[in-house]
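Going down the list, the sequences are from chains Y and F.
Just so we're aligned, residue 6 is where the first sequence starts under the numbering used here, counting upward by one.
Just so we're aligned, residue 6 is where the second sequence starts under the numbering used here, counting upward by one.
The beta carbon of each residue, even a glycine, is placed where N, CA and C say it ideally should be.
There are 2 protein chains.
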Amino acid sequence: MTNSRMQQQIDFLIELDRAKNIYRNSYLTAVPRRKENDGEHMWHISVMAIVLQEYSPQEIDINRVLRMLLVHDVVEIDAGDVSVYARQNDKGLAERESAAAKRIFGILPDGQGSELKGLWEEFVAAQTPEAKFARAVDRLMPLLLNYYTQGNTWQDLKVHYQQVLESNRRTLEAVPALWEYARQILEESLQKGYIKKI
Amino acid sequence: MTNSRMQQQIDFLIELDRAKNIYRNSYLTAVPRRKENDGEHMWHISVMAIVLQEYSPQEIDINRVLRMLLVHDVVEIDAGDVSVYARQNDKGLAERESAAAKRIFGILPDGQGSELKGLWEEFVAAQTPEAKFARAVDRLMPLLLNYYTQGNTWQDLKVHYQQVLESNRRTLEAVPALWEYARQILEESLQKGYIKKI
Chain Y
6 MTNSRMQQQI DFLIELDRAK NIYRNSYLTA VPRRKENDGE HMWHISVMAI VLQEYSPQEI
66 DINRVLRMLL VHDVVEIDAG DVSVYARQND KGLAERESAA AKRIFGILPD GQGSELKGLW
126 EEFVAAQTPE AKFARAVDRL MPLLLNYYTQ GNTWQDLKVH YQQVLESNRR TLEAVPALWE
186 YARQILEESL QKGYIKKI
Chain F
6 MTNSRMQQQI DFLIELDRAK NIYRNSYLTA VPRRKENDGE HMWHISVMAI VLQEYSPQEI
66 DINRVLRMLL VHDVVEIDAG DVSVYARQND KGLAERESAA AKRIFGILPD GQGSELKGLW
126 EEFVAAQTPE AKFARAVDRL MPLLLNYYTQ GNTWQDLKVH YQQVLESNRR TLEAVPALWE
186 YARQILEESL QKGYIKKI
């Protein structure tokens, strides 16, 4: 192609096609296939951020949140999807994700690649209001999909109520209305037998 | 749930899970499964809009473009996916899509539902700079996926070079750099035998 800048951008977009093959632990609510993939997940939580942005306790730049969410899991093309419950036991994960970010965002023209890689780093660092809100919706969606599919993922991963509560507390507490909602669905999941107490 | 406004919002998000089961005509480039679905498509072209925004000939509000693209195909949950080549022969389509928009965006709280429905209507009307740019990336991605999968979809739909060129011309000409790129990949597809001349 004649325009090499545009070709780098197209190459990046074609590389991202692979995210449609990274299957997650969350089950789908209305689909005969079992589990969702990263492409679907990044779309779904981006819409979630649009719809639930009013619950952020701080002013947020929703455009920044959307750009962050739309690329936050592309590192999993190389590094794979690891559940929040398994992350702390996966010692090489941060390094694998870092190498993946370098390779994948590196496909883009220089300034543009580093900008998107910066958004991914901001998401991981969890310090800005935008990153905190983005991380909260990223945690709420799997809880919801789990609740609407009778706790399938919790049973697969053999996690119990207290573990789910504690693993999600810090991230979701940053957006109190979402944390309140998450606690309610966890409580109901316990009562309905979707998840075990201990 | 105690907060009925939030419950309406969650209901909308869960309804959208069904978009992950609306399969499109485009083949996937790097996935053992054959075709992509609407959830994946809305994510992929949203990232495309971020990456290619510099080619818009007019100033655009990228936040508006992203919100538009993230919901532009949810009507297909009810109305189904119809290829650009079949749309003009599907007399009931506009009506089915309109009814779908009313039902699906209607799940949201009043003001929020009409805002997102308005974005979908803006996309369909194709008048604003944001809608024109959004529509151009929505057309470019299927051409790309087709090129990178040796023209599978063109062969399935039995469309030839001239038809693809004319069906996409008006939408893609709105963003000249993307139209130029699209014409190049179509030309190469012709030379490589991915698509027939007539």
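Contact check, residue i vs residue j, beta carbons under 8 Å
| i | j | result |
| --- | --- | --- |
| VAL76(Y) | LEU18(Y) | no |
| ASP134(F) | GLN63(F) | Reading off the sequence shown, one finds Pro at residue 134(F), where the question assumed Asp. Closer than 8 Å, so yes. |
| PHE128(Y) | ALA136(Y) | yes |
| VAL87(Y) | LEU98(Y) | yes |
| LEU170(Y) | TYR60(Y) | no |
| ALA35(F) | ASP22(Y) | yes |
| GLY118(F) | PHE110(F) | yes |
| LEU57(F) | ALA139(F) | no |
| GLN167(Y) | ILE203(Y) | yes |
| LYS122(F) | ALA106(F) | yes |
| ASN68(Y) | ASN68(F) | yes |
| SER51(Y) | SER194(F) | no |
Local conformation of residue i per DSSP, three classes
| i | result |
| --- | --- |
| TYR32(Y) | strand |
| LYS122(F) | helix |
| LYS40(F) | strand |
| THR158(F) | helix |
| VAL142(Y) | helix |
| GLU81(F) | helix |
| ASP5(Y) | As shown, chain Y starts at 6 and ends at 203. That puts residue 5(Y) outside it, with no answer to give. |
| ILE109(F) | helix |
| VAL52(Y) | helix |
| ASP16(Y) | helix |
| GLU192(F) | helix |
| TYR60(F) | helix |
| VAL76(F) | helix |
| GLY198(F) | coil |
| ILE67(Y) | helix |
| TYR166(F) | helix |
| ILE131(Y) | A small fix is needed here, since residue 131(Y) is Ala in this sequence, not Ile. Three-state DSSP puts ALA131(Y) in coil, outside helix and strand. |
| PRO181(Y) | helix |
| TYR90(Y) | coil |
| PRO147(F) | helix |
Same chain, Cβ closer than 7 Å to residue i, neighbours up to 5 away in sequence not counted
| i | result |
| --- | --- |
| TYR32(F) | ARG39, LYS40, LEU150, THR154, ASN157 and THR158 |
| PRO181(F) | PRO62 |
| GLN13(F) | ILE112, LEU113 and PRO114 |
| SER103(F) | none |
| LYS201(Y) | HIS165 and TYR166 |
| LEU162(Y) | ASN30, SER88 and TYR90 |
| ALA207(F) | Any question about residue 207(F) goes unanswered here, given that chain F covers just 6 to 203. |
| ARG10(Y) | PRO114 |
| LEU177(F) | ALA141, ARG144, LEU145, LEU183, TRP184 and ALA187 |
| ASP95(F) | VAL87 |
Beta-carbon contacts of residue i that lie in its chain and below 6 Å, excluding the five residues immediately before and after
| i | result |
| --- | --- |
| PRO147(Y) | SER31 |
| TYR28(F) | LYS40 and ASN42 |
| ASN173(F) | ARG144 |
| ALA179(Y) | LYS137 and ALA141 |
| ARG101(Y) | ALA84 |
Close beta carbons around residue i, own chain, < 8 Å, minus the five adjacent residues each side
| i | result |
| --- | --- |
| ALA24(Y) | ASN42, ASP43, GLY44, MET47, ASP78, VAL79, GLU81 and ILE82 |
| VAL204(F) | Nothing about residue 204(F) can be reported from this structure: the residues present for chain F run from 6 to 203 only. |
| ARG108(Y) | ASP83 |
| ASP66(Y) | GLU135 |
| ARG72(Y) | LEU121 and LEU124 |
| ILE190(Y) | LEU148, LEU149 and TYR152 |
Where residue i meets chain C, residues with beta-carbon distance less than 8 Å
| i | result |
| --- | --- |
| ASN68(Y) | Note that chain C does not occur in the displayed structure, where the protein chains are Y and F. |
Residues from the segment 36-66 of chain F in contact with chain Y, defined by Cβ distance under 8 Å: VAL36, PRO37, ARG38, GLU41, ASN42, GLY44, GLU45, MET47, TRP48, HIS49, SER51, VAL52, MET53, ILE55, VAL56, LEU57 and TYR60
**Request:** Check distances from the C-beta atoms of the segment 14-28 of chain F to those of chain Y and list, in chain order, the residues that come in under 9 Å.
**Result:** GLN14, ILE15, PHE17, LEU18, ILE19, GLU20, LEU21, ASP22, ARG23, ALA24, LYS25 and ASN26
Using a Cβ-Cβ cut-off of less than 8 Å, list which residues of the segment 148-161 of chain Y approach chain F; keep chain order. LEU149, LEU150 and TYR153
Check: For the segment 183-195 of chain Y, which residues have a beta carbon sitting closer than 7 Å to at least one beta carbon of chain F?
Finding: TYR186 and GLN189
Practice problem: Give, in chain order, every residue of the segment 127-139 of chain Y whose Cβ lies closer than 8 Å to some Cβ of chain F. | Solution: none
request  = Below 8 Å between beta carbons is the criterion; list the residues of the segment 70-93 of chain Y that meet it against any residue of chain F, in chain order.
outcome  = LEU71, ARG72, LEU75 and VAL76
Give, in chain order, every residue of the segment 105-126 of chain F whose Cβ lies closer than 9 Å to some Cβ of chain Y. LEU113, GLN117 and LEU121
| Contacting positions in the segment 165-182 of chain Y - beta carbon closer than 8 Å to chain F | ALA182
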